[in-house]
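Input: a single structure, listed below in structure tokens.
In the numbering used here, the protein residues as written are 446 to 838.
Written out as structure tokens, the structure is:
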């Protein structure tokens, strides 16, 4: 990889992820624009209009994952750029549930292609530090949400400008990451480097450990993104500006992922996941019983829980199941986003017909299940390590 500019590619990748993350924050702010007090959609209708951000992401990752090996990382990255651009323009023209749905679909496909191309690229460029560098790359998911949240607050709540101006700010990181990728040479995926056959890659995703991780990804992603995507409605009776709570949560997540290397070394991926599940459960439960300033305390605990979920799940697969290749990482990410597309309407229905606290209580069941699952994973990984030591001796 001597002729590949790793630093430029990594920085451009971070900007692409910032674009992805800003769409999440800005979409959260759009909930009130299109909701009952704005254009007039119910919270359940908005839930359905927002689902393409997640199932579009899922489709892009599942189809984009295998295509990364065949078409190359470069082509998939440019597909991400084009679909991002279409989605942003369409969002600016949205005036109904249908147009918002279609705009969100293109955004979701762009976001999925970013992850489908750039997760395996980072794993390939930094093959000896996969979990550490994937966490460092994913600093910019919460980092981008902080940026998007603050932009939404400043543009609409402080300056009183239109929501279209807020959405238009997405063009800034989009254009920059496109310019940085332009003319660059991209690496091949790690699976291609290792010479693993297509047959072995496809058979590897049927391994029990991989299927277990996919099932857990459903719950980790829904716990994190289901909650943060609907933060405006979930916390509107608890705090004055829910979007600032979103920025606060993601600021903590960004700092945590930045220093993930030390945590990975101490706890190993399976240990990180167990502690994450425990803190996520406590944080979600506290959000149901707090208001005002204490909401930020509960949010901080929740943030410390979800910080390592997404990148560590990917890092675990990249480290312990490398033969699954780009397809494995894409299936993981796709499963996570698909789960969010399922919970958003359910949460909307609960908020329309019960209350926000009921929705949060329901969501807290997910990390409770994960505590049991990751406790079992820790026991399994320790046993596996002991068996490897015995074999080597």
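Just so you know, even glycine gets a beta-carbon here, dropped at the ideal spot from N, CA and C.
Predicted, not measured: the structure shown is a model, and the values here were computed from it.
Where residue i falls, given that 16 or more other Cβ within 10 Å makes a residue buried
i, result
"residue 609", "exposed"
"residue 747", "buried"
"residue 499", "buried"
"residue 627", "exposed"
"residue 736", "exposed"
"residue 742", "exposed"
"residue 580", "buried"
"residue 605", "exposed"
"residue 603", "exposed"
"residue 403", "A query on residue 403 cannot be resolved here, the shown segment of the chain reaching from 446 to 838 and no further."
"residue 724", "buried"
"residue 601", "buried"
"residue 515", "exposed"
"residue 474", "buried"
"residue 702", "buried"
"residue 543", "exposed"
"residue 660", "exposed"
"residue 635", "buried"
Residues of its chain near residue i, where Cβ-Cβ distance is below 7 Å and the 5 sequence neighbours each way are ignored
i, result
"residue 555", "525, 528, 529, 532"
"residue 623", "526"
"residue 775", "506, 507, 509, 510, 561"
"residue 450", "629"
"residue 457", "622, 625, 626"
Euclidean distance between Cα positions of residue i and residue j
i, j, result
"residue 788", "residue 749", "22 Å"
"residue 825", "residue 720", "16 Å"
"residue 717", "residue 684", "30 Å"
"residue 557", "residue 505", "5 Å"
"residue 811", "residue 821", "16 Å"
"residue 637", "residue 597", "42 Å"
"residue 805", "residue 819", "22 Å"
"residue 682", "residue 614", "29 Å"
"residue 545", "residue 664", "26 Å"
"residue 436", "residue 778", "Residue 436 falls outside the range modelled here, since the chain spans only 446 to 838, and no answer is possible."
"residue 686", "residue 574", "39 Å"
"residue 823", "residue 502", "30 Å"
"residue 587", "residue 466", "7 Å"
"residue 424", "residue 535", "Because the chain is modelled from 446 through 838, residue 424 falls outside the range shown and cannot be assessed."
"residue 469", "residue 688", "11 Å"
"residue 476", "residue 783", "20 Å"
"residue 711", "residue 829", "18 Å"
"residue 791", "residue 668", "13 Å"
"residue 513", "residue 827", "33 Å"
Cβ neighbours of residue i in the same chain (closer than 6 Å, five flanking residues each side left out)
i, result
"residue 781", "662, 666"
"residue 463", "585, 589, 618"
"residue 803", "795"
"residue 733", "802, 805, 806"
"residue 694", "744, 748"
"residue 728", "743, 746, 747, 750"
Nearest candidate by alpha-carbon position, reference residue i, set the options
i, options, result
"residue 552", "648, 582, 471, 480", "471"
"residue 651", "464, 769, 566", "769"
"residue 808", "730, 765, 535, 648", "730"
"residue 648", "784, 512, 772, 541", "772"
"residue 572", "708, 660, 831, 633", "633"
"residue 566", "711, 703, 455", "455"
"residue 786", "671, 760, 757", "671"
"residue 593", "547, 828, 756, 691", "691"
"residue 726", "738, 754, 714, 703", "754"
"residue 738", "767, 790, 680, 762", "680"
"residue 764", "792, 714, 448", "714"
"residue 582", "459, 711, 759", "459"
"residue 497", "487, 549, 452, 542", "549"
Residue i: CB within 8 Å of a non-hydrogen atom of the ligand COA
i, result
"residue 763", "This structure simply doesn't include the ligand COA, nor any ligand for that matter."
Residues near residue i in its chain [Cβ-Cβ closer than 8 Å; skip 5 each side]
i, result
"residue 484", "478, 540, 541"
"residue 538", "544, 548"
Legend entry - Three CB pairs or more closer than 8 Å across the segment 486-498 and the segment 636-649: no
Inset, instruction - Would you check if there are 3 or more beta carbon pairs closer than 8 Å linking the segment 800-814 to the segment 686-698? - result: no
Legend entry - Stretch-stretch touch, CB-based, cutoff 8 Å, three pairs: the segment 558-575 with the segment 510-520: yes
Inset, instruction - Count the CB pairs spanning the segment 667-682 and the segment 783-801 that are closer than 8 Å, and state whether there are at least three. - result: yes
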